[in-house]
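Working notes, beginning with the structure itself.
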Amino acid sequence: LMIKSLFRLSLRMVTGFVQSLIHLCGLNWIAPDYTTICRRQQHIDIVISYQKSCDGLYLIVDSTGLKFLGEGEWKRKKHQPEYRRQWRKLHIGIDAKTLQIRAVQLTTNNVSDSQVLGDLLDQIPQDERVDSVYTDGAYDTKQCRQVIADRQAHAVIPPRKNAKPWKDKKMGSLERNELLRTVKRLGRTIWKKWSGYHRRSLV
Numbered sequence: 001l002m003i004k005s006l007f008r009l010s011l012r013m014v015t016g017f018v019q020s021l022i023h024l025c026g027l028n029w030i031a032p033d034y035t036t037i038c039r040r041q042q043h044i045d046i047v048i049s050y051q052k053s054c055d056g057l058y059l060i061v062d063s064t065g066l067k068f069l070g071e072g073e074w075k076r077k078k079h080q081p082e083y084r085r086q087w088r089k090l091h092i093g094i095d096a097k098t099l100q101i102r103a104v105q106l107t108t109n110n111v112s113d114s115q116v117l118g119d120l121l122d123q124i125p126q127d128e129r130v131d132s133v134y135t136d137g138a139y140d141t142k143q144c145r146q147v148i149a150d151r152q153a154h155a156v157i158p159p160r161k162n163a164k165p166w167k168d169k170k171m172g173s174l175e176r177n178e179l180l181r182t183v184k185r186l187g188r189t190i191w192k193k194w195s196g197y198h199r200r201s202l203v
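Numbering (UniProt numbering), first residue to last: 1 to 203.
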């Protein structure tokens with residue numbers, strides 16, 4: 001699988017490549033077949049190397065779509081047939097200072113961004129202080145703001161348009177209501193500059 005990543009090969013190409021190397025070395029070995037490699041890669045635990053933040057982590061979170069089955073976008077646009085396409089959604093969190101990936105999760109495309117934020121924060125060690133979490137308006141939910149508050153972090157999330165104050169007294173809701181008043185008083189543009197929200201473009 002390291003050879004697959006290094007040379008950007010498909011699994012079947014990896015099998016043939018490794019078998020050729022074995023023959024060149026004069027060894028009486030058999031390379032794992034395609035099915036075996038495919039099965040094993042599903043259960044690999046990936047450890048992300050990173051530099052731990054000393055003065056508080058500024059975490060930027062976003063998601064993007066990954067197409068893993070289907071025709072190319074240009075062919076679809078040109079000929080307009082309905083090809084069978086399948087997507088996965090990659091949720092990612094990076095350190096705003098070092099740009100290192102600190103959290104990642106792959107889901108089906110019907111999983112909302114807000115459902116995954118708690119899992120991403122769980123990937124940050126509990127002994128590492130999270131200063132702020134930057135996300136877009138899709139994460140403006142009580143659940144997201146509460147999981148951020150549980151890490152004693154500041155949520156830099158723009159409220160949705162026509163947002164109303166939340167009535168409960170939880171820490172995440174109180175902070176969000178104060179933010180809502182600030183945005184109405186200053187305007188979104190000034191708030192984004194003041195809060196450093198534009199850092200989110202780094203992800």
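The beta-carbon is built from N, C-alpha and C at its ideal position, and this holds for glycine as well.
Every value quoted in this text rests on a predicted model; they were computed, and no experiment measured them.
query: For SER114 versus ALA138, is the C-beta spacing smaller than 8 Å?
result: yes
- request: Compare the beta carbon distance of ASP168 and LEU57 with 8 Å and say whether it is the shorter of the two.
  value: no
query: For TYR50, which of helix, strand or coil comes out of DSSP?
result: coil
- prompt: Taking just the CA atoms, how far does TRP87 sit from TYR34?
  reply: 23 Å
field: Cβ neighbours of PRO165 in the same chain (closer than 7 Å, five flanking residues each side left out)
entry: ASN177, LEU180
message: Could you pull the DSSP bridge partners for GLY65 from this structure?
response: LYS89
- request: Buried or exposed for CYS144, please, with buried defined as at least 16 other CB atoms from any protein chain shown within 10 angstroms of its CB.
  value: buried
task: Please classify PRO125: is it buried, with 16 or more other beta-carbons within 10 angstroms of its beta-carbon, or exposed?
output: exposed
query: By how many angstroms is the C-alpha of VAL183 removed from the C-alpha of ARG199?
result: 18 Å
- prompt: For LEU59, does the three-state DSSP call read helix, strand or coil?
  reply: strand
message: Using a Cβ distance threshold of 8 Å, determine whether the segment 35-49 contacts the segment 89-98, with at least three qualifying pairs required.
response: no
- request: Inspect the beta-carbon positions of SER195 and VAL156 and report whether they are closer than 8 Å.
  value: yes
- prompt: If we count the other Cβ atoms within 10 Å of its Cβ and call it buried at 16 or more, is LEU121 buried or exposed?
  reply: buried
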